[in-house]
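Okay, so the sequence shown: first residue is 1 according to the UniProt record's numbering, each after it adds one. Note that the Cβ used here is the ideal one computed from N, Cα and C, for glycine as well. None of these values were measured; they are calculated from a predicted model.
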Amino acid sequence: MKLNTRIIIHILGLLLLCNGSFMLLAAIASGIYKDGATMEIMLAAIVTMLFGMMAMFYTRGHKKEVKKREGYIVVTFGWIVMSISGMLPYLFSGAIPSITDAFFETMSGYTTTGASILDNIEALPKGILLWRSLTHWIGGMGIIVLAIAILPLLGIGGMQLFAAEAPGPGGDKLHPRITDTAKRLWLIYFGYTVLETLLLKFAGMSFFDAINHALATMSTGGFSTKNASLAFWNDQPLIQYIVILFMFLAGSNFVLSYFALTGKVQRILRDEEFKYYLGFVVIFTIVVALGIYFRADVPVSDFHPMVLGEVESTIRHGLFQVVAVITTTGFVSADFTSWTPFLTVFFFGLMFLGGSAGSTAGGIKVMRHLLIIKNGILEFKRTLHPNAIIPVRYNQKTVTEHIVYNVIAFFVLYMLLFIIGSLVLGLLGLDFVSAVGGSASSLGNVGPALGSLNPVSNYNSLPAAGKWWCSFLMLLGRLELFTVLILLTPYFWKKT
């Protein structure tokens with residue numbers, strides 16, 4: 001079947017228009033703060049919107065139908081096109097003059113990875129800092145989910161786009177019409193962002209810092225306006241507790257937030273993934289807090305123990321870093337790689353966990369781990385009773401073999417890509433710890449890694465090829481592997 005290239009270009013043009021509109025917000029902020037970058041950001045917005053309008057005008061007579069193949073192409077190339085256009089504010093303003101660095105920073109933003117090449121974040125114009133945070137927020141709930149809320153206005157169905165952007169189990173819809181689902185998700189996402197901004201402002205952040213950190217938190221991104229990230233506010237526990245709460249919410253299934261807001265609390269309490277997600281956070285926090293507390297050589301300056309006491313401070317930092325890594329937000333309150341060798345390896349393992357399905361978090365996701373473990377346990381029973389039909393059950397419902405096979409294939413592919421990613425980074429000159437840390441962090445959209453890419457460092461030391469490679473891994477991880485990799489298979493492009 002012939003590809004509907006006109007609809008692909010048309011939707012990409014729509015995405016560019018959206019991107020340019022968000023740039024205008026950054027330009028307005030730049031003008032308000034008089035940071036000297038207003039015209040450059042405005043020019044980037046105009047150029048982006050101009051290309052978007054040209055693409056839409058050229059394809060105005062398109063056939064309004066999006067099939068699976070077009071959906072996969074739109075999603076993958078949508079992220080790439082948005083990242084290319086998203087570089088323009090950095091390049092035009094001179095904040096990041098290198099194309100390689102600008103692309104890395106932008107891809108890290110849209111994929112909500114939070115890995116940065118910037119050495120002095122606080123020296124950047126405020127309009128650029130806001131744009132940097134907005135790339136997180138746009139990518140968090142999904143550029144395509146935003147687009148399919150608008151597509152009906154153009155007479156275009158968005159189901160194939162939604163399926164490609166959010167593959168895998170757990171994609172519960174809130175409404176039979178996919179566009180209504182997208183709108184509800186975005187309303188919750190927007191509401192949480194506004195609420196966190198207000199709470200952070202009340203807790204002592206400036207309004208500018210509050211809105212930037214709210215944008216980064218709800219997208220589980222991790223870009224901060226401070227060089228020290230959230231460690232800048234180590235002497236203000238309330239700020240860190242607020243961020244912890246919203247990181248946790250962003251890492252949980254947004255469908256559960258909808259149930260909570262509509263009074264269906266029992267649906268949350270019965271959700272198997274949420275119970276394990278909460279349990280993991282509690283148990284892992286206890287493990288980390290004990291590891292910190294009984295380690296005498298942890299720098300006191302990391303904790304400010306006199307604020308509310310050493311025990312509270314230890315628990316807070318343990319909880320903060322556990323939630324930040326599990327949800328792949330990547331905010332930093334201390335350098336967890338300097339605590340103990342055990343905790344360094346422990347946090348490395350957490351990079352593979354991920355948040356809940358249907359959240360803005362990256363990683364493998366708690367649901368996939370649960371299904372793999374359940375299926376593995378049932379294999380023992382199947383060995384003893386080879387003729388028995390013993391299905392995997394989740395939330396008291398039978399999981400189809402198709403989903404189980406999909407999850408196992410995803411896990412195997414994910415680990416294979418992690419190994420390949422590590423080998424490539426090793427080939428480019430990184431030491432073992434930095435290579436495996438950088439690969440796991442990029443693929444899981446975590447941000448901080450290990451070795452030379454540790455939480456208090458950045459990715460600027462990577463060679464140019466390494467930055468492009470990590471950008472590719474970020475895209476793979478954000479779109480959950482299959483959406484991107486299917487485009488690399490020859491049969492995808494065969495005419496049927």
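Contact check, residue i vs residue j under 8 Å by CB: the rounded distance?
i	j	result
V332	F347	No, V332 and F347 are not in contact; Cβ-Cβ is about 11 Å, not under 8 Å.
F320	G444	18 Å between Cβ atoms; not a contact.
G318	V288	4 Å
Y90	I121	Not really, about 13 Å apart at Cβ, beyond 8 Å.
T113	L487	Their Cβ separation, rounded to whole angstroms, is 21 Å, which puts T113 and L487 out of contact at 8 Å.
T360	G140	4 Å
S220	G477	The sequence as given places Thr at residue 220; Ser does not occur at that position. Actually they are not in contact, since the Cβ atoms of T220 and G477 sit about 12 Å apart, beyond 8 Å.
L425	W469	7 Å
T337	N454	5 Å
A44	F92	5 Å
Measuring only the C-alpha atoms, how far is residue i from residue j?
i	j	result
S457	E105	15 Å
I403	G358	16 Å
L343	A214	28 Å
I28	Y58	30 Å
R393	S252	21 Å
L278	L249	11 Å
I117	E196	27 Å
I7	K63	7 Å
T38	S30	5 Å
Y276	G71	33 Å
V194	I211	8 Å
Y405	K381	18 Å
E65	I11	11 Å
I268	F254	11 Å
V47	Q266	49 Å
G438	L450	7 Å
I239	A334	15 Å
S441	L25	30 Å
F274	S356	7 Å
L350	V322	8 Å
A296	S98	Only weak support is given to the placement of A296: the predicted model assigns it a pLDDT of 45, under 50, and the question is left unresolved by the model.
T225	K495	49 Å
G291	A228	23 Å
G363	L481	11 Å
Taking all protein chains shown into account, do 16 or more other C-beta atoms lie within 10 angstroms of the C-beta of residue i, making it buried, or fewer, making it exposed?
i	result
W137	buried
T262	exposed
K68	exposed
T489	exposed
W493	exposed
R60	exposed
N375	buried
N4	buried
F432	exposed
T483	buried
Y414	buried
G204	exposed
Measuring alpha carbon to alpha carbon, tell me which of the options ends up nearest residue i.
i	options	result
S21	M39, M49, L43 and A29	M49
L417	L428, M474, K397 and T383	M474
L199	L245, A228 and L185	L245
G397	E379, V345, D271 and V484	Before going further, note that residue 397 is Lys rather than Gly in the sequence given. When each option's Cα is compared against that of K397, the closest is D271.
M23	Y72, I80 and T135	T135
G52	K2, A123, S441 and I84	I84
A464	M415, V436, L430 and K494	L430
G222	S452, V446 and P391	V446
M247	V81, A123, T328 and L256	T328
A409	H369, G94, M54 and E312	H369
V436	G421, L427, L462 and I372	G421
L15	F284, F92, V407 and W79	W79
F284	S257, R316, K264 and E310	R316
I377	M107, V366 and I390	I390
Mind checking if residue i is an interface residue toward chain B, Cβ cutoff 9 Å exclusive?
i	result
T38	Checking the listed chains, one finds no chain B in this structure; it contains a single protein chain.
Ignoring anything shorter than 4 residues, give me the alpha helix (DSSP H) runs that lie fully in the region 53 to 105, in order along the chain.
Every alpha helix (DSSP H) stretch that sits fully inside the region 53 to 105 and reaches 4 residues is listed by chain position as 68 to 86 and 88 to 93.
What residue ranges within the region 287 to 357 form continuous alpha helix (DSSP H) runs of no fewer than 4 residues, ordered along the chain?
DSSP runs (the alpha helix (DSSP H)) wholly in the region 287 to 357: 310 to 326 and 341 to 350.
Sequence ranges, alpha helix (DSSP H) only - wholly within the region 227 to 264, length at least 4:
Qualifying alpha helix (DSSP H) stretches, in chain order: 237 to 250 and 254 to 261.
Along the chain, which unbroken stretches of the beta strand (DSSP E) at least 3 residues long are found entirely within the region 13 to 51?
Within the region 13 to 51, no run of beta strand (DSSP E) reaches 3 residues while sitting entirely inside it.
Considering only residues of the region 416 to 445, which uninterrupted beta strand (DSSP E) runs meet the minimum length of 3 residues and lie entirely inside it, listed in chain order?
If we require 3 residues or more, the region 416 to 445 turns out to have no beta strand (DSSP E) run fully inside it.
Ignoring anything shorter than 4 residues, give me the alpha helix (DSSP H) runs that lie fully in the region 451 to 482, in order along the chain.
Fully enclosed alpha helix (DSSP H) runs of no fewer than 4 residues occupy 464 to 478 of the region 451 to 482, in order along the chain.
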